[in-house]
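Colleague:
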Amino acid sequence: MKSSSPPRKKLSKDFISESQSDETDAAYLTWMISYPSALNSFHVIRTYAKCKSVVLFLDYDGTLSPIVDNPDTAFMSTAMQAAVKKAAKCFPTAIISGRSRDKVYEFVRLSELYYAGSHGMDIAGPLRESESVGDHPDCIRTTDEQGKEVHLFQPASEFVPMINEVYKSLLDITKNITGVKVENNKFCVSIHYRNVDEKMWEEVGKHVFGLLKDFSRLRVTHGRKVLEVRPVIDWNKGKAVEFLLESLGLSHRDDVLPIYIGDDRTDEDAFKVLRECNRGFGILVSTVPKETNAFYSLRDPSEVQEFLKSLKPRATDGSPGSARRCKDSRPANASFEEQGERPYRDPRPALWSHCDRHQSEICYLDMNSGAENSIAFKFCQSEDKNSAEAMISKGRKTGKQCSC
Ligand SMILES: [Mg+2]
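In terms of this note's numbering, the sequence shown opens at residue 1353 and continues consecutively.
(1) Nearest by alpha-carbon distance to residue 1625: which of 1610, 1616, 1637 is it?
(2) Hey, would you say the C-beta of residue 1413 is under 6 Å away from at least one heavy atom of ligand 1?
(3) Indicate, with yes or no, if ligand 2 has a heavy atom lying under 6 Å from the CB of residue 1474.
(4) Would you list the one or two residues that DSSP bridges to residue 1598?
(5) For residue 1406, is the classification buried or exposed, using 16 other Cβ atoms within 10 angstroms of its Cβ as the cut-off for buried?
(6) Just grab the DSSP bridge partners of residue 1528 for me.
(7) Using DSSP with H/G/I as helix, E/B as strand and the rest coil, what is residue 1448?
(8) If I measure Cβ to Cβ from residue 1383 and keep anything under 6 Å in the same chain, skipping five residues before and after, which residues do I get?
(9) By Cβ distance below 7 Å, which residues in the same chain neighbour residue 1555 in space, the five residues on each side in sequence not counted?
(10) Note down, in chain order, each residue of its chain lying with its Cβ closer than 6 Å to the Cβ of residue 1565, except the 5 sequence neighbours on either side.
(11) Please name the residue in 1637, 1654, 1415 whose C-alpha comes closest to that of residue 1648.
(12) Let's test the definition: count the other Cβ atoms within 10 Å of the Cβ of residue 1446 and tell me whether it reaches 16, buried, or not, exposed.
(13) If you compare alpha carbons, which of 1408, 1434, 1420, 1423 is closest to residue 1661?
(14) With distances taken between CB atoms, is the gap from residue 1599 to residue 1414 smaller than 7 Å?
(15) In the DSSP assignment, what are the bridge partners of residue 1534?
(16) Could you pull the DSSP bridge partners for residue 1466 from this structure?
(17) Tell me whether residue 1511 sits in a helix, a strand or coil according to DSSP, three-state version.
(18) Relative to the C-alpha of residue 1578, which candidate in 1437, 1544, 1653 has its C-alpha closest?
(19) So the candidates are 1498, 1534, 1586; which of them puts its Cα closest to the Cα of residue 1422?
(20) For the beta strand (DSSP E) containing residue 1398, name the first residue and the last one.
(21) Using a Cβ-Cβ cut-off of 6 Å (strictly less than) and excluding sequence neighbours within five positions of residue 1620, which residues of its own chain qualify?
(22) Does DSSP put residue 1405 in a helix, a strand or coil?
(23) Checking the sheet assignment: what are the DSSP bridge partners for residue 1633?
See the structure below:
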């Protein structure tokens, strides 16, 4: 017995580590009150998505693939690829990554998706009759590497020679720092320091920021153990989302629900766009509490996979309720369908409003019964709006108004 018992030192160590783990879990659970799990809130998301066209935007590293020591081997699993492929059959789906567009395609290898590399500075989007897309000075109609006709949008094309120069310089000045990986992403350069001894991290930063003093038109951003050198242009993943929605002809429709899933600081630009436009939402992939503009959270790529697998095209159930809800909407090519019951109740206001020519419907969760209910009202007639709000305030949740 004695020989099989752990020594006192180990017990003490285990106890401390267990306590720390409990504290971490508690902090995460507290954070989840503000950013609930997209899996546990799936019934809410499903309700929100009713009668809407879902559009999926996915980051790659840390979202579809695990973060690995060697960024060249950040492959996603076959199961994840199948989940993405299935989702892309139901909804327009785009990958928006900091990697080069070619590189991220090599990892994903699904021709049915749209790809935006270099943080959205290299977009191969759908052909679109919209003049605002086709007539953009940095947009050309071409055939991509997979033989698909696309609108290629590269707003930072003039920076390519400068980026190449910086890439070569960074390779040279960091060559003696063990573990540094410099990656040329065509319109930006990534300096991965995940495998660098922590004592040398500052040294890496000094080299990068030192070099950039000579390039006033470039800036450095900070991701997950990676520094990224990018052109100073008014373009980011949020702008890429707006561009792709415009390319898809979905920009000015009320019945569109963009969902963006990502794990990185650069994804915050996309979360922010969706939050500020009050259309769709971001899902932050994180195992630790973080400040974010996302609405929901998922812990890791395995949960992302489960979420993607849960998405289904809208089933026409023919029920009077669903017919009424969708009757006045513009065609919605896809929606959610819940798979199984989720025992968790979303603790935050989980309301949505659907507006079609001022005919709005507020949907809410009754916190007592957990049932989904709805109130139809004329948004623009204040008395109806007030009565709807009064009903909701009786122990239920407050509604969110449409912005028309
Ligand atoms: Mg990422």
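We treat Cβ as the ideally placed atom computed from N, Cα and C, and that holds for glycine.
Modeller: Looking at the atomic coordinates:
(1) Within the sequence shown, residue 1625 is the residue found at index 273, counting from 1. Comparing Cα-Cα distances from residue 1625 to each of 1610, 1616, 1637, the minimum goes to 1610.
(2) Along the sequence shown, one-based indexing puts residue 1413 at 61. Indeed, a heavy atom of ligand 1 lies less than 6 Å from the Cβ.
(3) This structure simply doesn't include ligand 2; it includes ligand 1 instead.
(4) Taking the first residue of the sequence shown as 1, we reach residue 1598 at position 246. Paired residues: none, contrary to the question.
(5) Position 54 of the sequence shown, counted from the start, is the residue given in the question as residue 1406. It is buried - the Cβ of residue 1406 has at least 16 other Cβ atoms within 10 Å.
(6) Position 176 of the sequence shown, counting from 1, holds the residue named residue 1528. DSSP lists no partner for residue 1528.
(7) Start at 1 with the first residue of the sequence shown, and residue 1448 comes out as number 96. DSSP, read as helix, strand or coil, puts residue 1448 in strand.
(8) The sequence position of residue 1383 within the sequence shown is 31, counting from 1. Here the set comprises 1641.
(9) Position 203 of the sequence shown, counted from the start, is the residue given in the question as residue 1555. Hits under 7 Å: 1529.
(10) As a position in the sequence shown, residue 1565 is number 213, starting the count at 1. Answer for residue 1565: no residue qualifies.
(11) The residue you call residue 1648 lines up with position 296 of the sequence shown. The residue with the shortest Cα to Cα distance from residue 1648 is 1637.
(12) Start at 1 with the first residue of the sequence shown, and residue 1446 comes out as number 94. Result: buried.
(13) Indexing the sequence shown from 1 puts residue 1661 at position 309. Comparing Cα positions, the closest option is 1434.
(14) The residue you call residue 1599 lines up with position 247 of the sequence shown. The residue you call residue 1414 lines up with position 62 of the sequence shown. The answer is no: Cβ separation not under 7 Å.
(15) What you label residue 1534 is simply residue 182 of the sequence shown in a count that begins at 1. The partner list for residue 1534 (beta bridge, DSSP) reads 1543.
(16) Within the sequence shown, numbered from 1, the residue matching residue 1466 stands at position 114. Note: residue 1466 sits in a beta bridge opposite 1446.
(17) Counting from one through the sequence shown, the residue named residue 1511 turns up at place 159. Look at residue 1511 here: in three-state DSSP terms it is helix.
(18) Residue 1578 sits at position 226 when you count from the first residue of the sequence shown. Minimum Cα distance to residue 1578 is reached at 1544.
(19) Residue 1422 sits at position 70 when you count from the first residue of the sequence shown. Looking at the Cα atoms, 1534 is the closest of the given residues.
(20) Position 46 of the sequence shown, counted from the first residue, corresponds to residue 1398. Taken as a continuous stretch (DSSP letters only), residue 1398 belongs to no beta strand (DSSP E), being part of the alpha helix (DSSP H) at 1394-1401.
(21) Position 268 of the sequence shown holds residue 1620. The answer, listed in chain order, is 1645.
(22) Counting from one through the sequence shown, the residue named residue 1405 turns up at place 53. Residue state, collapsed to three classes: strand.
(23) Against the sequence shown, residue 1633 aligns to sequence position 281. Paired residues: 1611.
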